[in-house]
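Protein chains in written order, with our numbering: chain A, 1 to 246; chain S, 1 to 310; chain Z, 1 to 397.
The beta carbon of each residue, even a glycine, is placed where N, CA and C say it ideally should be.
These notes are about the structure you will find just below.
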Amino acid sequence: MPRAATVVRLAALALLVAFLTKPQSFAPLFAPLTQYGAPPIYDQGNLLQLALAQLGTVCLAAAASSLVAVGLGILVTRPSGAQFLPLSRTLVNIGQTFPPVAVLAVAVPLVGFGEKPTLIALFAYGLLPIFENTLVGLRTCPPAVLEAASGMGMSARQRLLSVELPLATPLILEGIRLSLVINVGTATIGSTVAAKGLGEVIIAGLLSSNTAFILQGGLLTGLMAILLYDGLAALERRLLRPVTLD
Amino acid sequence: MIAVENLSKRYGETTVVDGVSLTVERHSITAIVGTSGSGKSTLLRMINRLVEPTSGRVLIDGRDTRAEPAYLLRRRIGYVIQGHGLFPHRTVAENIATVPRLLGWNERRIGARVRELLEVFALDPATYAGALPHQLSGGQQQRVGVARALAAEPLVLLMDEPFGALDPIIRAKAQDDLLDIQRRFGTTVVLVTHDMDEAFRLGSKVAVMSGGRLLQCDRPAVLLTRPADPFVSRLTGLADRAMRLLSLVTAGEAALPGASDGPAVAPTTSLREVLSELVWSGADSARVIDVDGTVRGRLTVAAILARGRP
Amino acid sequence: MSGAQLRAVRVSGASLTRVDPLGAVLVAAGAAALLFLPFVVFKSNRIVPGDPRSLIQVLPAWGAFGCAALLAMSALAALWVTDARVRLMLALAGIAAVALAAAAAGDALTPPGDRIVRIAPGGAFWVLMVCLGLFATDATTRLKPGPAVRVLFLAASLALAGVALAHGTFDHLSVMREYAVNAERFAREARQHLKLAFGSLAAAALIGLPLGVLCHRAPRLRPAVLTTLNVIQTIPAIALFGILMAPLGALAAAVPLADRLGIRGIGAAPAVVALFLYSLLPIVANTVAGLKRVSRAAVEAAHGMGMTSWQVLTKVELVLALPVILTGVRVVLVQNIGMVTVAALIGGGGLGAFVFQGIGQTAIDLVLLGAIPIVTLAFSAALTLDALVEVLDRVKA
């Protein structure tokens, strides 16, 4: 079973790379979807560059939101920040009711068109899953373990760094992966405010009624999201594999 | 030696520990017993300052525990809790190495100590050093918990219901192990339990607490024969106090010169068990015989019964 | 003086000197915004960049004084008052004051009869609203209101806002100017928005519930179904809408009946289908999780009492799993209300039409005309369903 999964993964990755580097070789596949001799493959920009731009925007936003969300999560679970905890949990709940498009639309008047509103929307929207998972991770550390850590003479800082955070790491990483996947999808909407990305291909398809464009833009984005999620999960399993002494 | 002097803990209007004074001799085991809410855990946790006392003080070998930051104090005191509290993300070896690492021991010394402890606790280092806590059985996890607490060679070991989560057979084994280890390392142990049998079995002294106050702290036999308070005799059990008393004396200690053709018992057997054996076999005396076959004397029913009276 | 008295004095002394940290942050942000950001922006028409005006410049002296006094009281409460009820009341008073000040500014700056100038709320307005909103949220959180109180509070706030809007209080503000121009279309798009969000939810519930029960009864089916639905979630909404246009368009061309029923490549059909597909995962997954949570003993007891399989399912299992299933419905509804916005891109209509039209024309007022109702809808749906889940959970306990 794991071997079959690996084959599927590698095949998907190969497909993505092949499509991005040699899109024209897929033209016959998409040709039946076009009408009146419209181009079957997006020709107003380089697909690879668009994909990389989108990935860059998403990763930059995710890095920023991870930093802020994990920091906030740590802050409100310390005794000194405890009084912010109920408010921050309510805010997480409220925040999740904001549709990403609305965040994007509201960001435009503040910072203008282009990458910036997309970055802001992705940053804001990515905060929530990471913050929530950090909170859950830090708050569900077994009390006996925390008691043992203090009882053995760890300072508050040592306890945080060598017990609480390592125990919360799987959940925090899960949150980061979740927010990355949501953001890869949301970033396509960023193209409506002129951010570079595969959304451009989809919008172009919508404007010219070219289903081939829509399909390739959507498939590439979906593939990217799945591979990103899956790849991070695999990396996580590798990195978090327990290390033995000696 | 641990000297607890007039120690109190209050939360608002409620007093959890009320003016407790107590001396724990070096190299001894003191068991603190009491009903839940009697303040026994709080008293224990004030010794390593997981709970800061409201008033009073604790001296360890004449030194006030407040003379240094709490976390430095705790590195010199072993601490074992119910449910062991092992770090689930660290291997057995890393768990045991926690305090030595905090103290900055070099890796060679840490490695040697970890191996020594694993062997003492009958855990093969090759199999268990790299295992994660969840891969161990309940009894093994508990042993690792104790090994971790002893890693930095503490002079004092505090235990809060350490065997509470174990089933009876594993618990008896763990208690025997603790006695062995305490003898081997000469550690001073303070142990909190609500199990009277455990307290009587392990404690060279037993401290009885109720409502935050220390009612009596003495040798188990004294608790039975001269209880300082009706609550003490209720807690130690009125119905089977004679049998408890018998269980505190071994056949070797009570054996009298003379021969017997009754059943053979080892000198380490408690009088309670000898009596049970005599009742079962219908004999009226038992032979006390060493492992190597030397006869140490005999025990008659009458002699045993005499030991069960104050 | 006795010890208790001494302690009492020390406590009250401490409360005078100890500043609420959240309050301090909010007051600092609000004050800075009032000082350095415009309260409203005056635009001589819809598109030109505006001309910033501060609170004092736009209100008559007594109005500015009244508003500032209320804000100062909110600030004092935020800093020092510990009683959550007082904090909440003053936060709400602050919100009302800021909203009314903006309305008054609109009235004052608009020349009589003029329909071209735009008075848009400025940075200071938004920062103050966010700060006061956080302040009110914090106070509400501290009060821990029950589900009924929360819903009533929401209803009262919405009713109050509705009355103010109907009365024309905010008519001179730019967003309401956009509304006045688009009033008829707004009602249509709002209805369409709700129809799309609730329609796809209903379809997903109709299919998802039996599918969830099936997955629960046939565990071998579960991984395949859930993985498929998970993969669908990763396709960006905008792409899924587009991808569905082709087959639906083909269907309309081939089957005239479908066309007459409104199933076409562009418009609402692909949006509904896409939203339906997205909605399946939370409903199926939560149905499975809810059924799994039902205690085996209850099910066995029901069988033991002679209930038929169907009776056990409908009278015991589904009833006990209801709170978890409803949580899935809440996720879907909130998600749908947000995602319908994107449907406007493929001609599906809904309030997103204003958002994208606004983005296209760089008309922020138009964006807000779409975005504010969407956020309000999503927030109200989340709050109401959360309260419902809580009530059901409490009944079970």
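Delimiting residues of the beta strand (DSSP E) encompassing residue i
i: residue 117 of chain Z; result: Element bounds for residue 117 of chain Z: n/a, residue is neither H nor E.
i: residue 315 of chain Z; result: Where residue 315 of chain Z is concerned, there is no enclosing beta strand (DSSP E), given that its DSSP letter is neither H nor E.
i: residue 88 of chain A; result: First-last for residue 88 of chain A: 85-95, but that is the alpha helix (DSSP H), not the beta strand (DSSP E).
i: residue 79 of chain S; result: 77-81
i: residue 52 of chain Z; result: 51-53
i: residue 3 of chain S; result: 2-11
i: residue 160 of chain S; result: 156-160
i: residue 301 of chain Z; result: Careful: residue 301 of chain Z lies outside any beta strand (DSSP E), inside the alpha helix (DSSP H) at 296-304.
Reference residue i, options the options, closest by Cα
i: residue 110 of chain A; options: Z:368, Z:383, Z:380 and Z:375; result: Z:368
i: residue 192 of chain S; options: S:295, S:75 and S:31; result: S:31
i: residue 215 of chain A; options: Z:207, Z:375, Z:236 and Z:297; result: Z:236
i: residue 195 of chain A; options: A:92, A:17 and A:50; result: A:50
i: residue 222 of chain Z; options: Z:181, Z:292 and Z:57; result: Z:292
i: residue 102 of chain Z; options: Z:327, Z:196, Z:134 and Z:67; result: Z:67
i: residue 133 of chain Z; options: A:94, A:99, A:178 and A:81; result: A:94
i: residue 27 of chain S; options: S:41, S:44, S:2 and S:45; result: S:2
i: residue 168 of chain Z; options: Z:99, Z:355 and Z:197; result: Z:99
i: residue 150 of chain A; options: S:150, S:4, S:79 and S:287; result: S:79
i: residue 298 of chain Z; options: Z:312, Z:308 and Z:83; result: Z:312
i: residue 6 of chain S; options: S:213, S:115 and S:246; result: S:213
i: residue 23 of chain Z; options: Z:331, Z:60, Z:84 and Z:118; result: Z:84
i: residue 106 of chain A; options: Z:382, Z:364, Z:321 and Z:388; result: Z:364
i: residue 162 of chain S; options: S:306, S:142 and S:24; result: S:142
i: residue 189 of chain Z; options: Z:41, Z:344, Z:386 and Z:57; result: Z:344
i: residue 206 of chain Z; options: Z:329, Z:254 and Z:163; result: Z:329
i: residue 66 of chain S; options: S:4, S:103 and S:114; result: S:4
i: residue 309 of chain S; options: S:224, S:273 and S:178; result: S:224
Rounded straight-line distance, which links the Cα of residue j to that of residue i
i: residue 20 of chain S; j: residue 59 of chain S; result: 13 Å
i: residue 315 of chain Z; j: residue 395 of chain Z; result: 16 Å
i: residue 191 of chain Z; j: residue 350 of chain Z; result: 7 Å
i: residue 290 of chain Z; j: residue 305 of chain Z; result: 23 Å
i: residue 120 of chain S; j: residue 111 of chain S; result: 14 Å
i: residue 119 of chain A; j: residue 185 of chain A; result: 13 Å
i: residue 20 of chain Z; j: residue 155 of chain Z; result: 30 Å
i: residue 183 of chain S; j: residue 81 of chain S; result: 21 Å
i: residue 232 of chain Z; j: residue 227 of chain A; result: 14 Å
i: residue 252 of chain Z; j: residue 324 of chain Z; result: 38 Å
i: residue 131 of chain A; j: residue 69 of chain A; result: 5 Å
i: residue 238 of chain Z; j: residue 25 of chain Z; result: 39 Å
i: residue 108 of chain Z; j: residue 371 of chain Z; result: 26 Å
i: residue 96 of chain A; j: residue 379 of chain Z; result: 9 Å
i: residue 340 of chain Z; j: residue 250 of chain Z; result: 23 Å
i: residue 319 of chain Z; j: residue 60 of chain Z; result: 60 Å
i: residue 94 of chain S; j: residue 156 of chain A; result: 19 Å
i: residue 274 of chain S; j: residue 286 of chain S; result: 8 Å
i: residue 245 of chain A; j: residue 308 of chain Z; result: Confidence in residue 245 of chain A is poor, its pLDDT being 35 and thus under 50, which makes the residue's placement unreliable; the coordinate value appears in the next sentence. The straight-line gap from Cα to Cα measures roughly 58 Å.
Contacts that residue i makes with chain B (C-beta to C-beta distance below 9 Å)
i: residue 319 of chain Z; result: Within the model displayed, chain B is absent; protein chains A, S and Z are what it includes.
Beta-carbon separation (whole angstroms), residue i vs residue j, contact threshold 8 Å
i: residue 269 of chain S; j: residue 294 of chain S; result: The pair is not a contact, with the Cβ atoms about 15 Å apart (cut-off 8 Å).
i: residue 77 of chain S; j: residue 156 of chain S; result: 5 Å
i: residue 297 of chain S; j: residue 288 of chain S; result: 5 Å
i: residue 336 of chain Z; j: residue 275 of chain Z; result: 5 Å
i: residue 174 of chain A; j: residue 133 of chain A; result: 6 Å
i: residue 166 of chain S; j: residue 139 of chain S; result: 6 Å
i: residue 42 of chain Z; j: residue 50 of chain Z; result: 6 Å
i: residue 73 of chain A; j: residue 138 of chain A; result: 6 Å
Terminal residues of the alpha helix (DSSP H) in which residue i lies
i: residue 188 of chain S; result: Looking at the DSSP string, residue 188 of chain S is not in any alpha helix (DSSP H); the run it does join, the beta strand (DSSP E), is 188-192.
i: residue 209 of chain S; result: Residue 209 of chain S -> not in any alpha helix (DSSP H); beta strand (DSSP E) instead, spanning 205-210.
i: residue 287 of chain Z; result: 268-293
i: residue 56 of chain S; result: No alpha helix (DSSP H) holds residue 56 of chain S; the beta strand (DSSP E) holding it covers 55-60.
Check your understanding: Hey, is the region 219-237 of chain S in contact with the region 195-205 of chain S, meaning 3+ C-beta pairs nearer than 8 Å?
Key -> Flag = yes, the region 219-237 of chain S and the region 195-205 of chain S touch.
Review point. Using 8 Å as the threshold, is the region 27-37 of chain Z in touch with the region 260-271 of chain S, meaning 3 or more CB pairs across them?
Key: no
Review point. Any chance the region 37-44 of chain A sits against the region 60-80 of chain A, with 3 or more Cβ pairs inside 8 Å?
Key: As far as the Cβ criterion goes, the region 37-44 of chain A does not touch the region 60-80 of chain A, which means the pair count is below three.
Review point. At a cut of 8 Å, does the region 156-170 of chain A reach the region 83-103 of chain S through at least three beta carbon pairs?
Key: yes
Review point. Is there contact here, the region 194-208 of chain A with the region 16-31 of chain A, by at least three beta-carbon pairs under 8 Å?
Key: no
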